[in-house]
Amino acid sequence: LTLFAVICLKNVNNGFFLHSSFIRSLFPENVTGTVKGRPTTAGSKIKSQANKLVEALMKCTPHYIRCIKPNETKKAHDWEEDRVRHQVEYLGLKENIRVRRAGFAYRRVFDKFLHRYAVLTKETFPRWNGNTKDGILHILKSVGIEKDQYQLGKTKVFIKAPESLFLLEEVRERRYDQHARVIQKAFKKYFAKQQYLKQKQKAADILQGRKERREHSLNRNFVGDYIGMDHHPELRVLVGKRDRVEFAETVLKYDRRFKSVKRDLILTPKSLFLIGREKIKKGNDKGKIKEVIKRKIDLENISQVTTSTLKDDFLVLHVKNEYDTFIESIFKTEFLFTLDKKIREKCQRPLNLHFSDKLEFRVKKEGLFGGGSTKQVHVIRGQSDKASLKVTGGILTVSIGAGLPKNSRPSERSACSGQRPLKGKVSSRAQQPNEIKLREHNGQGRTITSASSIKTPNAANAALAAVLGARAGAGAGVALRHAPNLPRSGHSQHNKRVSTEESGTSEYMRPPEAGVSGEKRRNSGKARPVPGGGKPKPPSRPKPAVPTCKALYAYEPQDTDELAISEGDTIEIIKEDPSGWWLGRLRGKEGLFPANYVERI
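Heads up: take any position in the sequence shown, counting from 1, add 25, and you land on our numbering.
Put into structure tokens, the structure is as follows:
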């Protein structure tokens with residue numbers, strides 16, 4: 026046995042068993058064994074069948090696909106011929122196949138085809154005035170269908186490929202979409218204009234008969250967001266991302282000493298925010314400017330808003346059981362209208378608006394034992410259109426000029442819409458009589474109406490016009506001969522008359538001899554003297570020094586556009602403002618600083 030095993034191993038190494046048919050027949054492969062694997066699912070079968078169907082469809086160019094139900098038993102190879110024949114008949118497959126075999130997949134009467142696809146071109150829509158065949162040819166040519174893809178019979182148009190028909194339908198849908206957008210735009214513009222006019226009238230009703238108006242305030246468009254909240258995410262975080270901003274504006278807020286600081290006034294459907302800027306004093310962001318909420322007022326807590334009867338922009342917001350806020354808003358009319366609208370929606374009451382030339386507002390309490398006092402603002406009529414502020418004895422006096430009457434109403438015409446010139450209308454410039462500017466020999470100019478523009482109802486007027494034209498031609502001289510041709514009738518005749526009379530009047534228009542003085546002028550013009558007699562130019566004047574001032578007190582800025590000054594600093598004054606805040610430059614930085622903190626040098 027051991028010897029037999031050694032012989033077998035030696036034969037295996039030599040490949041004897043691999044090539045021996047006898048040995049292979051003794052040990053056949055078990056190909057009938059069970060294969061342990063996951064059976065195919067219904068989803069995989071549907072997927073494979075769908076892939077085979079798509080492969081079969083991609084090999085041909087189908088006109089369309091119809092699904093036919095062969096039986097009710099849902100079994101394979103169960104074919105009900107009557108059921109299938111009925112489905113083929115009511116689906117119209119026989120007729121479509123017959124037309125398809127004939128070479129044309131679509132046929133339609135001329136009138137129906139033109140009526141359906143007339144919208145594709147401007148010439149055929151809304152009405153085609155020519156021959157029906159010409160209109161159909163124009164439509165097919167505009168779409169770009171080749172001539173071999175269609176034929177025109179006596180009463181019908183034949184289209185060969187379904188793709189051409191699909192192209193017509195697609196272009197038709199796009200054209201209808203364009204027209205629908207134009208109509209929607211027109212309706213939106215109309216309704217927006219009507220809404221804008223109503224909004225403007227309601228805003229005017231709030232101040233009607235109780236406050237003077239500014240000239241540019243009546244017909245102004247309402248924007249709402251004058252800050253650009255979409256570009257300031259830091260403000261959106263403070264207000265709330267989900268709250269809609271109804272009105273936003275940068276206003277001036279006045280404190281107990283009537284010093285103004287800038288604040289961002291933001292109105293939402295629930296609250297009114299006053300947002301300012303502060304410099305961070307601690308932490309990693311020390312020295313940076315950060316937006317903070319200075320005050321938040323709920324709309325139900327606003328008890329009253331007070332303003333004057335003149336055209337100033339000052340408002341007092343009275344809050345229940347709290348101190349008031351005194352602000353200056355440029356867009357006060359829009360702000361009051363929006364505030365009244367939001368209070369009506371939330372509190373079911375109108376805005377309590379009071380008008381008086383003597384305003385009073387409560388200030389915030391200072392310290393633990395400090396009480397809140399009441400400040401007064403007197404608004405008087407002045408001469409300037411810009412408000413002039415003056416503080417005397419703790420009372421702010423605002424002086425401003427007269428505005429439009431209190432009963433002024435906005436015009437019906439929208440301020441944003443332009444007026445188109447009507448057809449057939451002649452401008453005032455074209456209706457004026459033709460005028461020719463003549464220049465005399467002494468250099469003075471005068472305007473003379475040409476004879477062609479004068480109406481001559483009788484012989485006397487005609488003679489007068491002829492004399493006037495002759496005088497005009499005599500006074501014109503050679504200046505009119507080189508004038509450009511004018512496109513008005515009558516000027517050509519006038520120029521001809523001037524050229525014919527020029528030869529006879531040249532002697533009359535010639536100036537007299539200059540004499541000795543004229544000869545001296547001609548000689549002096551040839552050899553000009555040296556400018557200044559050869560002496561050097563005097564030095565130029567020094568530039569005027571910039572006005573400066575010296576700081577008497579130190580001032581810490583409360584806003585980003587203000588200037589930080591210390592006692593003894595020398596500031597260059599760029600602009601002086603009557604409000605008490607000057608624009609200056611210190612150490613290369615420009616900003617605003619209080620005028621009562623400095624002294625002129």
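Just so you know, even glycine gets a beta-carbon here, dropped at the ideal spot from N, CA and C.
Assigned exposure category for residue i - 16 Cβ within 10 Å defines buried
i: ASP410; result: exposed
i: ASN520; result: For ASN520, the predicted model reports a pLDDT of 46, less than 50, meaning its position is unreliable and no value from the coordinates is stated.
i: CYS574; result: buried
i: SER242; result: buried
i: GLU359; result: buried
i: ILE461; result: In this prediction, ILE461 has a pLDDT of 37, which is less than 50 and means its spatial position is unreliable; nothing more can be read from the coordinates.
i: THR417; result: exposed
i: HIS343; result: buried
i: LYS137; result: exposed
i: GLY616; result: buried
i: TRP607; result: buried
i: LEU577; result: exposed
i: PHE356; result: buried
i: TYR279; result: buried
i: THR595; result: exposed
i: ALA228; result: buried
i: ARG175; result: A small fix is needed here, since residue 175 is Tyr in this sequence, not Arg. By the neighbour-count rule (16 or more Cβ atoms within 10 Å), TYR175 is buried.
i: ILE327; result: buried
i: ALA412; result: buried
i: PHE216; result: exposed
i: THR332; result: buried
i: THR149; result: buried
i: LEU340; result: buried
i: ILE300; result: buried
i: ASP310; result: exposed
i: PHE618; result: buried
i: ASP338; result: buried
i: ASP173; result: exposed
i: ILE170; result: buried
Residue i versus the options, residue with shortest Cα-Cα distance
i: ASP602; options: LEU414, GLY613 and THR595; result: LEU414
i: LYS383; options: LYS390, LYS400 and CYS372; result: LYS400
i: LYS431; options: ALA217, LYS100, LYS84 and ARG238; result: ARG238
i: GLU271; options: LEU118, VAL262, VAL404 and LYS367; result: LYS367
i: GLU316; options: VAL262, ARG282 and SER436; result: VAL262
i: ASN96; options: TYR89, ILE90 and GLU106; result: GLU106
i: LYS304; options: SER296, ILE314 and LYS295; result: ILE314
i: ILE425; options: GLN408, LYS306, PHE191 and ARG434; result: GLN408
i: PHE247; options: GLU259, ASP202 and GLN224; result: GLN224
i: GLY593; options: LEU611, PHE212 and LYS600; result: LEU611
i: VAL144; options: LEU232, GLU195 and GLU120; result: GLU195
i: THR350; options: SER50, PHE298 and TYR622; result: PHE298
i: GLY178; options: ILE626, TYR131, GLY312 and GLY117; result: TYR131
i: GLU385; options: VAL404, CYS372 and GLU391; result: VAL404
i: ARG269; options: LEU277, ALA75, MET254 and GLU587; result: MET254
i: ARG387; options: GLU347, GLU198, ARG374 and ARG625; result: GLU347
i: LYS319; options: LYS371, LEU260 and GLU325; result: LEU260
Sequence-distant residues of the same chain with beta carbon closer than 8 Å to residue i, five excluded per side
i: ARG275; result: In the sequence on display, residue 275 carries Thr and not Arg. Within the same chain, THR275 has close Cβ partners TYR251, ILE252, LYS287, ARG288, ASP289 and LEU290.
i: THR146; result: HIS163, ILE164 and SER167
i: THR363; result: GLY249, GLU271, PHE272 and LEU292
Same chain only: Cβ atoms within 7 Å of residue i, ignoring 5 sequence neighbours per side
i: GLY128; result: LYS185
i: LEU193; result: TYR142 and VAL168
i: ASP6; result: Past the boundaries of the shown model lies residue 6; the chain is included only from 26 to 626, so the question cannot be answered.
i: GLN329; result: HIS343, ASN377 and HIS379
i: GLY428; result: GLU237, ARG238, ARG239, LEU335 and LYS336
i: SER433; result: ARG238 and LEU243
i: ILE420; result: GLN401 and HIS403
Beta-carbon proximity list for residue i, same chain, < 6 Å, skipping 5 on both sides
i: VAL20; result: Absent from the model: residue 20. The displayed extent of the chain is 26 to 626, so no value can be given.
i: PRO582; result: ALA589
i: GLN112; result: ILE93
i: ALA620; result: GLY605 and TRP607
i: SER296; result: LYS321 and ASP323
i: LYS450; result: Residue placement at LYS450 cannot be trusted, given a pLDDT of 41 that sits under 50; the coordinates are not used to answer.
i: THR86; result: none
Heavy atom of the ligand ATP within 8 Å of residue i beta-carbon
i: ASP337; result: Summarising the ligand content, the structure contains no ligands, and the ligand ATP is consequently not present.
Which residues DSSP lists as bridging residue i, in chain order
i: GLU587; result: LEU617
i: ARG320; result: LEU299
Inset, instruction - Would you mind listing the alpha helix (DSSP H) stretches within the segment 247–286 that are 4+ residues and don't spill past its ends, in chain order? - result: 258–264
Inset, instruction - Please go through the segment 338–374 and give each complete beta strand (DSSP E) segment of 3 or more residues, from N-terminal end onward. - result: 339–344 and 350–353
Legend entry - Length at least 3, wholly inside the segment 176–240: the beta strand (DSSP E) runs in chain order: 181–184
Inset, instruction - Please specify which runs of the beta strand (DSSP E), each continuous and at least 3 residues long, are wholly inside the segment 92–147, giving them in chain order. - result: 131–134
Inset, instruction - For the segment 377–433, list the alpha helix (DSSP H) runs that are entirely contained and at least 4 residues long, ordered along the chain. - result: none
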